[in-house]
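Colleague: Numbered continuously in the UniProt record's numbering, the sequence shown closes out at residue 488.
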Amino acid sequence: MENDPYSSSSSNSSNFKLSLLEGLRVLRRTVRTVTTTVHNGSEDALHSNLAYNNNNNNDNNNIEDERHSFLPNNNDELPSQTHAPTTYRKQIREFIRRFGNYIAYVTVIVMLILLPIVLYRALSDKKVDTAAFNSAWIMVIGTIILSVRLVYLHLTHWYMPEVQKYVVRILWMVPLYAMQSYLSLRYHKSRIYIDSVRDFYEAYVIASFVYYLMALLGGQDALTELLRHKDPQLGKHSFPLSLILEPWELGEEFTLQCKHGVLQYVVIKCIATLLTFLCESANVYGEGKFEWLVAYPYLCFLQNLSVMYALYCLVMLYHAVEAELRHPINWRPLGKFICVKGIVFFCWWQGVIIFYLKAHGIIDHLGSWTSEEVANGLIDYCVVIEMVIFAIAHSYTFTYKEYLPRSFPHQTTTTRVVETSETQYLYRPPETLPQPMNFQDALWSSTVPRETIKDIKMLSRKKTTSSSICLANMTENENEKDDDEQQQ
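#1: I'd like the list of long-range same chain contacts for E138, defined as Cβ closer than 8 Å, with 5 residues on each side in sequence excluded.
#2: For the alpha helix (DSSP H) that S446 lies in, which residues bound it at each end?
#3: Enumerate in chain order the residues of its own chain whose CB-to-CB distance from K358 is below 8 Å, with the five nearest sequence positions on each side excluded.
#4: Look at the alpha carbon of A132 and the alpha carbon of Q180, and state the distance between them as a whole number of angstroms.
#5: Would you list, in sequence order, the uninterrupted alpha helix (DSSP H) runs of no fewer than 4 residues that lie entirely inside the region 136-222?
#6: Y381 lies in the alpha helix (DSSP H); which residues open and close that run?
#7: The alpha helix (DSSP H) spanning H327 covers which residue range?
#8: With a cut-off of 8 Å on the beta carbons, I'd call P328 and Y427 a contact; round off their distance for me.
#9: In the DSSP output, which residue or residues are listed as bridge partners for L366?
#10: Verify the CB distance criterion: does V174 have a CB-CB separation below 8 Å to chain C?
#11: Using the three-state DSSP reduction, which class does V284 fall into: helix, strand or coil?
#12: With C-beta atoms as the reference, is A320 less than 8 Å away from L216?
#13: Using the Cβ count rule (16 or more neighbours within 10 Å means buried), how would you classify L154?
#14: Comparing alpha-carbon positions, which option in Y166, D129, F209, G100 lies nearest V448?
#15: Which residues in the same chain as R450 place their Cβ atom closer than 7 Å to its Cβ, once the five residues preceding and following it in sequence are excluded?
#16: Quick check: G342 and Y309, are their CB atoms within less than 8 Å of each other?
#17: Tell me whether H394 is buried or exposed, calling it buried when 16 or more other Cβ atoms sit within 10 Å of its Cβ.
#18: Starting from the Cα of F221, find the closest Cα among G367, F254, S368, S124 and give me that residue.
#19: Between S135, C258, V344, which has its C-alpha nearest I456's C-alpha?
#20: Nearest to V106 by CA position, among K401, D441, I145, is which residue?
#21: In three-state DSSP terms, what is G351?
#22: Which class does Y120 belong to by DSSP, given the choice of helix, strand or coil?
#23: Which of the three DSSP states, helix, strand or coil, is assigned to I113?
#24: What do you get for G142, buried or exposed, if any count of 16 or more other CB atoms within 10 angstroms of its CB means buried?
#25: For the alpha helix (DSSP H) that contains V307, what are its first and last residues?
#26: Could you check the C-alpha separation between V315 and S238 for me, to the nearest Å?
#27: Go ahead and label S368 buried or exposed: buried means 16 or more other beta carbons lie within 10 angstroms of its beta carbon, across all protein chains shown.
#28: Can we say the region 195-211 touches the region 268-275, given the rule of at least three CB pairs closer than 8 Å?
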């Protein structure tokens with residue numbers, strides 16, 4: 001039976017299992033050596049791990065056990081740390097960190113290759129709607145990949161929870177806008193209901209950016225103390241708001257006015273969305289019609305007035321603290337400000353321009369689409385294109401590397417007196433964790449806007465005058481919020 005095929009097959013199988021076993025042992029030895037050396041920094045631990053693996057040779061009966069033991073078991077766990085990720089999660093995080101840039105590059109390249117092909121094929125058959133749907137879908141997929149990659153990197157490098165939670169909320173704006181615009185383009189008959197989601201999240205992002213600026217400066221109390229030493233001219237309003245608003249006193253009043261100006265947009269947007277649903281159900285909404293007996297012009301005017309005032313308050317706050325956002329740590333605030341305001345700016349003004357062209361007959365009906373549906377479709381398609389651009393821009397302006405402990409000198413992580421060209425103030429840096437928070441806790445803290453809900457409730461109880469907000473119980477409310485966060 002020298003040429004017995006079964007014997008030969010058994011021998012080959014045995015050799016294959018031995019080779020597989022040896023390969024697994026080598027990989028396991030490498031993982032244990034690297035992790036032990038990095039976390040323990042001990043040469044004795046290195047030698048002990050090498051000896052441990054060398055004592056497990058020629059064990060053909062435990063191949064399955066060896067295969068499972070490649071990943072660390074309970075006895076191989078690293079020293080316990082409160083927020084330290086497991087070795088497996090750390091390997092995934094390291095893979096995304098190292099190859100995430102390549103994923104982004106490949107995504108952009110694939111989009112650039114597929115878009116001309118899809119557009120050419122659809123337009124050659126004179127299918128304009130198909131060309132728009134398919135090309136928009138490709139850009140949406142690319143936008144989601146770019147944005148989710150960046151969000152994941154933040155959640156796995158969660159060193160500044162009080163700052164990065166606002167960053168993640170801002171980053172979600174791009175894929176949400178892209179997906180919503182595509183759905184609105186694809187199912188244009190239900191566009192009114194779909195667009196409401198985008199408009200609501202727009203208000204949420206503007207509020208999150210204000211909280212983000214405050215967190216970079218050490219919180220609301222630190223910002224209030226900083227503003228007290230600023231030039232009072234920063235609290236004066238430009239024309240025409242100077243005719244109806246009195247100057248804001250720098251300090252508590254300025255801080256609260258800016259916060260209130262942004263949060264009012266969140267409240268008004270929620271109310272306007274509900275009214276839009278009710279009016280559309282009653283057939284009295286009349287989108288695009290400027291008539292006395294429909295609700296569209298009134299709701300449009302109210303929302304536009306609200307968003308303009310919210311953006312004005314955001315600009316006032318940014319202008320007042322721009323110098324402190326650049327020193328002693330340069331957070332590169334201009335790029336972040338342009339990204340947040342740019343999305344709102346483009347979405348608003350391109351809509352105005354497109355509807356102006358429709359009103360003058362330049363944009364007409366196309367196939368089964370009415371002129372109004374074509375105009376709204378152009379707006380949605382432009383938003384999809386812009387979200388690809390902003391997804392790429394976010395990779396540079398809201399990078400996770402800014403919040404790593406090694407990204408800034410040690411002297412910038414302690415409370416100290418800082419002098420600028422304008423004033424001298426007590427610098428309170430954002431809290432930095434020694435180890436990144438675990439993924440689940442990071443995701444949860446970035447999802448639930450506790451501070452926004454509490455501040456809306458607090459501001460709704462304040463009595464307002466012509467241009468100022470009552471500041472009574474302000475400190476008490478902040479203390480209650482801090483106590484709630486500590487208990488959680």
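All residues carry an ideal CB built from backbone N, CA and C; glycine is no exception.
Bear in mind the structure is a predicted one, so any value in this text is a computation, not a measurement.
Modeller: Taking the geometry as given:
#1: Here residue 138 refers to the residue found at position 138 of the sequence shown. Looking at the sequence shown, residue 138 is not Glu but Ile. Within the same chain, I138 has close Cβ partners M111, L114, L115, V118.
#2: Counting from 1 along the sequence shown, the entry for residue 446 is found at position 446. Note, S446: alpha helix (DSSP H), 439-447.
#3: On the sequence shown, position 358 is the one that residue 358 refers to. So the qualifying residues of the chain are S371, E372, V374, A375.
#4: In the sequence shown, counting from the first residue as 1, residue 132 sits at position 132. In the sequence shown, counting from the first residue as 1, residue 180 sits at position 180. Near 15 Å, if we compare the C-alpha coordinates of Q180 and A132.
#5: 161-171, 173-186, 191-216
#6: For the purposes of this step, residue 381 is taken as the residue at position 381 of the sequence shown. Segment 371-397, the alpha helix (DSSP H) holding Y381.
#7: Residue numbering aside, residue 327 sits at position 327 when the sequence shown is read from its first letter. Note, H327: premise wrong, no alpha helix (DSSP H); not H, not E.
#8: Taking the sequence shown and counting its residues from 1, one reaches residue 328 at position 328. Taking the sequence shown and counting its residues from 1, one reaches residue 427 at position 427. That pair is a contact at about 6 Å.
#9: One-based indexing of the sequence shown puts residue 366 at position 366. Beta-bridge pairing links L366 to W369.
#10: Among the protein chains of the structure shown there is no chain C, as only one such chain exists.
#11: Position 284 of the sequence shown, counted from the first residue, corresponds to residue 284. Coil, per DSSP.
#12: Position 320 of the sequence shown, counting from 1, holds the residue named residue 320. Position 216 of the sequence shown, counting from 1, holds the residue named residue 216. No. Outside cutoff.
#13: Within the sequence shown, residue 154 is the residue found at index 154, counting from 1. The displayed chain sequence assigns His, not Leu, to residue 154. Buried.
#14: Position 448 of the sequence shown, counting from 1, holds the residue named residue 448. When only C-alpha atoms are compared, the closest one is Y166.
#15: The residue you call residue 450 lines up with position 450 of the sequence shown. Within the same chain, R450 has no close Cβ partners at all.
#16: On the sequence shown, residue 342 is found 342 positions in, with the first residue counted as 1. On the sequence shown, residue 309 is found 309 positions in, with the first residue counted as 1. For G342 and Y309, no; Cβs fall outside 8 Å.
#17: For the purposes of this step, residue 394 is identified with residue 394 of the sequence shown, where counting begins at 1. H394 should be labelled buried.
#18: As a position in the sequence shown, residue 221 is number 221, starting the count at 1. Residue identity check: residue 221 is Asp in the sequence provided, not Phe. For D221, the nearest C-alpha among the options comes from F254.
#19: Taking the first residue of the sequence shown as position 1, residue 456 is located at position 456. For the residues S135, C258, V344, the minimum Cα distance to I456 belongs to C258.
#20: Counting from 1 along the sequence shown, the entry for residue 106 is found at position 106. Taking only the C-alpha atoms, the option nearest V106 is I145.
#21: Counted from its first residue, the sequence shown places residue 351 at position 351. Here G351 sits in helix by DSSP.
#22: Within the sequence shown, numbered from 1, the residue matching residue 120 stands at position 120. Y120 falls in the helix class under three-state DSSP.
#23: Walking along the sequence shown from the start, residue 113 turns up at place 113. Helix.
#24: If you number the sequence shown from 1, residue 142 lands on position 142. Under this definition G142 is a buried residue.
#25: Taking the sequence shown and counting its residues from 1, the one referred to as residue 307 is at position 307. Where V307 is concerned, the enclosing alpha helix (DSSP H) stretches over 296-321.
#26: On the sequence shown, residue 315 is found 315 positions in, with the first residue counted as 1. On the sequence shown, residue 238 is found 238 positions in, with the first residue counted as 1. Taking the straight line from one Cα to the other gives about 12 Å.
#27: As a position in the sequence shown, residue 368 is number 368, starting the count at 1. Per the 10 Å Cβ criterion, exposed.
#28: yes
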